[in-house]
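Protein chains in written order, with the numbering used here: chain P, 1 to 316; chain U, 1001 to 1291. Data block below; observations after.
Encoded structure:
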């Protein structure tokens, strides 16, 4: 077990180095490189630019600059926002709470609903319910999230007036009920794609398990059907879903960005888009690296957790 | 099951695949809808009396079915149906061209990684893993922010964030096919590595490649709509299914039809390609032939 964890950890660190190299390359792809914002300003002459380039060490060889940048990233110094001079890490972390709240709510909805649909679909394979669920999941995966958000706003905010059309809370309010009221629509929109994914994976995982020999053995022993399903089938079918949680993470983050944009939700995705609009490259790069690191850690945790609960993985 | 296996065993592989595909009614429906969408956006604009960029301020916000404009007009009085057709052209073209680029890159990377294995394979596949760590939309937007937006940029950027899946599929295929007799025979015959890779191995992996390509078009159309909706994709006055939704949120209360038509078109196109890909997977998957 320890060996598996160490191996997986080493792999993740190596990936992080490649990820950071890609991030660094993207930063230097910017027209004018990291100085583009100053270069666009008419107040700075070429001499000023040259001086700043030297001061910031941008005239050094790229590998040295990369090592320097990487070292600072690891130490938590992610540079300062062009917009207000605040440290990137603190800007990002101040928006993280809203995003995590949205992602967690959507995931809870998706896991409960998706697993239920998937299990039922697998047990009644090719039934009307299963067919509708399979077709529905495919359509859900094909609907652009932002458009589904627009439709939700039109139906529930414009036509019915049940839900607010955006923001995290009413100004001046902020009670738990008010927060919940604002959370429903964006979480529902974000949960659509997730539910479809969880449902599909749960269905195939359950199908695989209920066709195993030990399930047939349990049946042959005359064990009651509900006991077979809950004790034997479900427990084993749920295990691989840990991996799905890890795999789903990048999609969930991307979906959150879109949902936040449509519902003016003050999270990291919204910040990312605003920063792009302002050409605030340090924040853009910060969030890009932050999200990639989150994905890396997410898949690492999912793999380790899976190995903990399923001993077969460690051996293989 | 036995009867089905017997009949499909008597047929040529192609015929058996076509049979399985035909049974997949949703995939067939998807293929028909794609055909309609392609023809509609290719021929449609010539049949309409309106130009997609013609601005008619006097007739702005005409609701659907209220006169000459079947799907109504937008905030500048442009005909929505004409824009939908031209937008469909742009979105479908971007989807297909981005798929072709992503396939080319993915196949080359996957073939090299799978054929050579070892250090080359490990380095290439770790690169694939690393790029996959970035959530697609974040990476796409960051790259779009650094480049000049437009048709070509949008297409290339979408391909740049989509080739990794293809590389994974092709790598796994090539790695397993490399050990098969025909590959060893080609090697003994004195064929060059490049020839074995791209004339022997890749053509034998055509089934999963075709499936990946179909699903890739769906993904590319979806990504184009995200990028253009957020304002970093296809730029106005040119229409794309995504950028038609750009202003839709502002007019959601007064002119909801501006949001509905393009959204339905995107969903229809993406669903059709996804169902087609699913059906092709069922039809072409050789494992289905093994009883």
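Quick reminder that beta carbons are idealized off the backbone N, C-alpha and C, glycines included. Since the model is a prediction, treat every value here as computed from it, not as a measurement.
Just how far apart, CA to CA, sit residue i and residue j?
i, j, result
"residue 194 (chain P)", "residue 28 (chain P)", "34 Å"
"residue 1020 (chain U)", "residue 92 (chain P)", "51 Å"
"residue 260 (chain P)", "residue 1198 (chain U)", "44 Å"
"residue 1216 (chain U)", "residue 227 (chain P)", "42 Å"
"residue 84 (chain P)", "residue 280 (chain P)", "10 Å"
"residue 1008 (chain U)", "residue 1015 (chain U)", "Any answer about residue 1008 (chain U) is weak, because its pLDDT of 47 lies below 50 and its placement is not dependable; what the coordinates show is given next. Taking the straight line from one Cα to the other gives about 8 Å."
"residue 241 (chain P)", "residue 202 (chain P)", "7 Å"
"residue 1004 (chain U)", "residue 271 (chain P)", "No answer about residue 1004 (chain U) holds up, because its pLDDT of 46 lies below 50 and its placement is not dependable."
"residue 1177 (chain U)", "residue 1205 (chain U)", "8 Å"
"residue 1059 (chain U)", "residue 1047 (chain U)", "21 Å"
"residue 1063 (chain U)", "residue 1252 (chain U)", "13 Å"
"residue 151 (chain P)", "residue 1260 (chain U)", "8 Å"
"residue 235 (chain P)", "residue 1282 (chain U)", "29 Å"
"residue 58 (chain P)", "residue 75 (chain P)", "20 Å"
"residue 1171 (chain U)", "residue 142 (chain P)", "27 Å"
"residue 2 (chain P)", "residue 15 (chain P)", "20 Å"
"residue 89 (chain P)", "residue 1280 (chain U)", "46 Å"
"residue 1182 (chain U)", "residue 1191 (chain U)", "12 Å"
"residue 1041 (chain U)", "residue 109 (chain P)", "39 Å"
"residue 224 (chain P)", "residue 214 (chain P)", "14 Å"
"residue 99 (chain P)", "residue 267 (chain P)", "5 Å"
"residue 1289 (chain U)", "residue 120 (chain P)", "Bear in mind that the predicted position of residue 1289 (chain U) carries a pLDDT of just 41, short of 50, making it unreliable; the figure below should be weighed with that in mind. Roughly 28 Å between the two C-alpha positions."
"residue 1098 (chain U)", "residue 1140 (chain U)", "13 Å"
"residue 316 (chain P)", "residue 1129 (chain U)", "In this predicted model, residue 316 (chain P) has a pLDDT of only 46, less than 50, meaning its place in the structure is not dependable enough to derive any value."
"residue 1186 (chain U)", "residue 1193 (chain U)", "9 Å"
"residue 311 (chain P)", "residue 87 (chain P)", "44 Å"
"residue 47 (chain P)", "residue 154 (chain P)", "54 Å"
"residue 192 (chain P)", "residue 162 (chain P)", "19 Å"
"residue 21 (chain P)", "residue 1109 (chain U)", "19 Å"
"residue 256 (chain P)", "residue 103 (chain P)", "7 Å"
"residue 180 (chain P)", "residue 1245 (chain U)", "28 Å"
"residue 231 (chain P)", "residue 122 (chain P)", "16 Å"
Since residue i and residue j should fall inside the 8 Å C-beta cutoff, what is the C-beta to C-beta distance between them, to a whole number of angstroms?
i, j, result
"residue 1154 (chain U)", "residue 1233 (chain U)", "5 Å"
"residue 189 (chain P)", "residue 145 (chain P)", "6 Å"
"residue 66 (chain P)", "residue 24 (chain P)", "5 Å"
"residue 206 (chain P)", "residue 245 (chain P)", "The Cβ separation is near 16 Å, so there is no contact."
"residue 1115 (chain U)", "residue 1124 (chain U)", "No, residue 1115 (chain U) and residue 1124 (chain U) are not in contact; Cβ-Cβ is about 11 Å, not under 8 Å."
"residue 1284 (chain U)", "residue 1211 (chain U)", "7 Å"
"residue 1050 (chain U)", "residue 1029 (chain U)", "That belief does not hold up - the Cβ atoms of residue 1050 (chain U) and residue 1029 (chain U) are roughly 30 Å apart, past 8 Å."
"residue 1159 (chain U)", "residue 1102 (chain U)", "4 Å"
"residue 1038 (chain U)", "residue 1092 (chain U)", "6 Å"
Residue i: buried (16+ other C-beta within 10 angstroms of its C-beta) or exposed?
i, result
"residue 1203 (chain U)", "exposed"
"residue 1276 (chain U)", "buried"
"residue 176 (chain P)", "exposed"
"residue 1079 (chain U)", "buried"
"residue 1002 (chain U)", "Because the pLDDT at residue 1002 (chain U) is just 44, under 50, the model does not fix this residue reliably, and the value given afterwards should be weighed accordingly. Its Cβ having fewer than 16 others within 10 Å, residue 1002 (chain U) is exposed."
"residue 1134 (chain U)", "buried"
"residue 127 (chain P)", "exposed"
"residue 10 (chain P)", "exposed"
"residue 7 (chain P)", "exposed"
"residue 1073 (chain U)", "buried"
"residue 384 (chain P)", "Since the first and last residues shown for chain P are 1 and 316, residue 384 (chain P) lies out of range."
"residue 1006 (chain U)", "Here the model assigns residue 1006 (chain U) a pLDDT of 47, short of 50, so the residue's position is not dependable and the matter cannot be decided."
On a CA-only basis, which of the options is nearest residue i? Give me that one, please.
i, options, result
"residue 286 (chain P)", "U:1243, U:1123 and U:1142", "U:1142"
"residue 229 (chain P)", "P:145, P:124 and P:71", "P:124"
"residue 138 (chain P)", "U:1280, U:1273 and U:1224", "U:1273"
"residue 251 (chain P)", "P:68, P:172, P:298 and P:3", "P:298"
"residue 1095 (chain U)", "U:1257, U:1161 and U:1200", "U:1161"
"residue 275 (chain P)", "U:1138, U:1243 and U:1167", "U:1138"
"residue 1087 (chain U)", "U:1229, U:1194 and U:1109", "U:1229"
"residue 1120 (chain U)", "U:1034, U:1209 and U:1175", "U:1175"
"residue 248 (chain P)", "P:225, P:273, P:282 and P:199", "P:199"
"residue 293 (chain P)", "U:1105, U:1131, U:1084 and U:1065", "U:1131"
Given that residue i touches chain P, what residues does it touch there, using C-beta distances under 7 Å?
i, result
"residue 1129 (chain U)", "15"
Anything in chain U within Cβ reach of residue i, meaning under 8 Å, just list it in chain order.
i, result
"residue 250 (chain P)", "1132, 1133, 1134, 1135 and 1136"
"residue 139 (chain P)", "1267 and 1271"
"residue 254 (chain P)", "1135, 1136, 1137 and 1138"
Mind listing the chain U neighbours of residue i? Cutoff is C-beta to C-beta under 9 Å, in chain order.
i, result
"residue 154 (chain P)", "1252, 1253, 1256, 1259 and 1260"
"residue 189 (chain P)", "By Cβ distance, chain U contributes nothing, its closest Cβ being about 13 Å from residue 189 (chain P), past 9 Å."
"residue 49 (chain P)", "Chain U residues near residue 49 (chain P): none, gap ~19 Å exceeds 9 Å."
"residue 26 (chain P)", "1139, 1142, 1143 and 1146"
Which chain P residues are close to residue i, counting only those with a beta carbon under 8 Å from its beta carbon?
i, result
"residue 1249 (chain U)", "150, 153 and 262"
At 9 Å on the CB atoms, spell out the chain P contacts of residue i, in chain order.
i, result
"residue 1204 (chain U)", "Going along chain P, no residue has its Cβ under 9 Å from residue 1204 (chain U), so there is no contact; the nearest lies around 26 Å."
For residue i, return the contacting residues in chain U, with the cut-off set at a CB-CB distance below 7 Å.
i, result
"residue 292 (chain P)", "1133 and 1134"
"residue 257 (chain P)", "1137 and 1138"
"residue 357 (chain P)", "Outside the shown range of chain P, which is 1 to 316, sits residue 357 (chain P), and nothing can be said about it."
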